[in-house]
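> Going by my numbering, the letters in the sequence shown line up with residues 503 to 871, in that order. Ideal placement from N, C-alpha and C gives every residue a C-beta, glycine not left out.
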Amino acid sequence: MKAIKNVKIIRGGEILPESVLLFEDRIVGVSSEIPVHAEVTDGGGLYLAAGLIDQHIHGYRGEDTMTHSPANTAAALPANGVTAYLPTTMTMDRETIAAAMERIRAAMKEAKGARVLGCHMEGPFINSAKKGAQNGDHILPPTLEMVEPFRDVIKIVTYAPETDPSGKFAKALREMGIVPSVGHTCATYEQASAAYQAGALSTTHFFNAMPPLHHRDPGVVGAALECDAYIELIADTIHVNQHLFPVLAQLKPDRLCLITDCIEAGDLPDGRYTLGGLPVEVKDRQARLLDGTLAGSTLKLNEGVRNMAQYIGLPAAVKMATENPARLLGVEGEMGTLLPGTLADFVLMDEECHVCATFVGGECVYLKE
């Protein structure tokens with residue numbers, strides 16, 4: 503058995519009184535004492551939390567999900583405290599999407615580093631009026647024909663609910679164990695509410711690519727806040743003003759999932775990149791299409807946690823990148839909670855969320871120099 507002592511263990515949105523984590527390839531438990539014969543590491547007073555889960559990320563370090571295997575991204579993300587993620591596709595032609603799915607399927611079995619849990623399929627079932635940085639030439643009405651061959655790969659599908667007025671698409675996704683997520687939409691409050699009632703569980707990059715909240719027209723934002731739907735938040739202070747962070751956290755403490763929506767420019771200097779085949783200019787941390795449209799981000803998930811933590815404290819912010827996404831994806835019995843029996847996927851970081859070490863399956867996959 504292995505033990506890490508002298509750590510502040512974060513679980514359930516709070517810091518536990520115990521200071522020792524016991525683990526092998528899975529979590530054994532937390533304790534105030536070190537068992538005899540345990541292999542002990544001193545955590546130096548750092549925070550220890552479950553590994554972060556990024557359910558919405560398009561690429562990193564020059565590699566895009568639509569053109570590259572997720573393998574290199576999987577190897578790089580533990581430096582940001584990420585131990586599991588969903589490579590996220592874009593609205594492109596069917597063949598390119600299918601090829602990306604095949605690469606993700608292979609990476610789910612072969613990638614080293616962060617676990618590849620499957621795919622977040624963002625489009626092509628969206629509204630062209632709110633396409634954002636998606637390619638409008640390839641937008642399609644919702645069809646299970648593109649989903650069914652990859653039902654073992656796809657974990658989330660972003661779709662515009664006004665294109666599924668009967669709710670049949672959302673219901674079919676739920677039956678396949680896939681999360682329907684409302685996004686890139688012009689849906690009214692009534693349409694969005696009907697979608698959540700039909701089975702939509704999540705809301706893609708909340709506030710972005712949807713009508714704003716209006717006191718006489720609450721729209722998707724109002725519908726999502728009213729019900730138990732999860733919401734994704736890009737906490738980079740660019741996509742959403744930071745003063746809304748504590749408001750959303752108060753309204754959705756167990757349903758807010760921090761994401762990055764990061765593109766291939768992540769951890770790289772300003773310059774010209776691509777997203778879904780479209781040219782993107784990155785300047786001063788902001789990624790935009792040439793017409794000025796925001797095009798994903800360059801955010802790291804540990805940075806998003808830090809940004810949120812400034813308003814609600816670190817334990818509560820960590821929960822939004824661990825337990826909440828794990829519950830949404832139905833993997834809380836395996837990760838995200840540090841409960842006994844779950845995978846020994848965890849991160850050691852300081853109070854500023856600088857990652858010092860990351861473990862996957864009980865093995866150190868990243869150690870800060």
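Would you tell me roughly how many angstroms separate the C-alpha atoms of L796 and V742, rounded to the nearest one?
Answer to the nearest angstrom: the Cα atoms are 12 Å apart.
> Just verifying my parser: in three-state terms, what is the DSSP assignment at M851?
Reduced to three states, the DSSP call for M851 is strand.
> When you compare the segment 624–632 with the segment 593–612, are there three or more beta-carbon pairs, one atom per stretch, that lie closer than 8 Å?
Contact between the segment 624–632 and the segment 593–612 is present, because at least three Cβ pairs lie under 8 Å.
> Going by Cα to Cα distance, which pick from P748, N582, A601 and E664 is closest to L850?
For the residues P748, N582, A601 and E664, the minimum Cα distance to L850 belongs to N582.
> Residues in its own chain within less than 6 Å of C855 by CB, not counting five upstream and five downstream?
Within the same chain, C855 has close Cβ partners N804, V807 and R808.
> By the DSSP assignment, the beta strand (DSSP E) with V857 in it spans what residues?
Start and end: V857 to V862.
> Bridge partners of L735, per DSSP?
Per DSSP, L760.
> Check whether the Cβ atoms of E766 and Y562 lie closer than 8 Å to each other.
Yes. Within cutoff.
> L523 and V509: beta carbons closer than 8 Å?
Yes, they are a contact pair.
> Is DSSP giving A578 helix, strand or coil here?
Reduced to three states, the DSSP call for A578 is helix.
> Could you tell me the distance, in whole angstroms, from the CA atom of T800 to the CA atom of I761?
So the alpha carbons of these two residues sit roughly 11 Å apart.
> Report yes if the C-beta distance between T706 and E664 is below 8 Å; otherwise report no.
Cβ distance not < 8 Å, so T706 and E664 don't count as in contact.
> Taking DSSP as the reference, what is the three-state secondary structure of L703?
DSSP places L703 in coil when its eight states are reduced to three.
> Using DSSP's beta-bridge definition, name the partner residues of I555.
A586.
> So does the segment 599–619 actually touch the segment 557–572, counting three or more Cβ pairs closer than 8 Å?
Judged by Cβ distances under 8 Å, the segment 599–619 makes contact with the segment 557–572, as three or more pairs qualify.
> Assuming L845 contacts G863 (C-beta within less than 8 Å), just tell me the rounded distance between them.
So it is a contact: roughly 6 Å between Cβ atoms.
> For L703 and A731, what's the separation of their Cα atoms in angstroms?
Approximately 5 Å between the Cα atoms of the pair.
> Taking the beta strand (DSSP E) that T543 falls in, what are its first and last residues?
Per DSSP, T543 belongs to the beta strand (DSSP E) from E541 to D544.
> Does the segment 773–782 come close enough to the segment 745–762 to have 3 or more Cβ pairs within less than 8 Å?
Touching, no.
> May I have the straight-line CA-CA distance separating L791 from D769, to the nearest angstrom?
If I take the Cα positions, the gap works out to 19 Å.
> Within a Cβ cutoff of 6 Å, which residues of the same chain sit near A700, ignoring the five residues on either side of it in sequence?
Same-chain partners within the cutoff: G669, A672 and K673.
> For A725, I'd like the list of residues in its chain whose CB is within less than 7 Å of its CB, leaving aside the five on either flank, ordered along the chain.
The residues are Y691, A694, S695 and Y698.
> What are the residues that DSSP puts in a beta bridge with P781?
Note: P781 sits in a beta bridge opposite T776.
> Please classify S683 as buried or exposed, where buried requires at least 16 other C-beta atoms within 10 Å of its C-beta.
So S683 ends up on the buried side.
> Residue range of the alpha helix (DSSP H) that K467 falls in?
Not covered by the structure: residue 467. The range shown for the chain is 503 to 871.
> Between V659 and L675, how many whole angstroms is the CB-CB distance? I'm expecting something under 8 Å.
6 Å between Cβ atoms; contact.
> Quick one: Cα of G545 to Cα of A505, how far?
Straight-line Cα distance between these residues: approximately 10 Å.
> Quick one: is S630 buried, meaning 16 or more other Cβ sit within 10 Å of its Cβ, or exposed?
S630 is exposed by the Cβ-count criterion.
> Just to confirm before moving on: does the CB-CB distance between A552 and D847 stay below 8 Å?
Yes, Cβ-Cβ distance for A552 and D847 is below 8 Å.
> What is the rounded straight-line gap between the Cα of A600 and the Cα of P651?
Each residue's alpha carbon lies about 9 Å from the other.
> Provide the residue(s) that pair with Y868 in DSSP beta bridges, ordered along the chain.
In the DSSP output, where bridge partners are listed per residue, Y868 has T860.
> Return yes when the Cβ of G685 is within less than 8 Å of the Cβ of M712, no when it is not.
Against a cut-off of 8 Å, the Cβ pair of G685 and M712 comes out as a contact.
> Quick one: is R513 buried, meaning 16 or more other Cβ sit within 10 Å of its Cβ, or exposed?
That one is buried.
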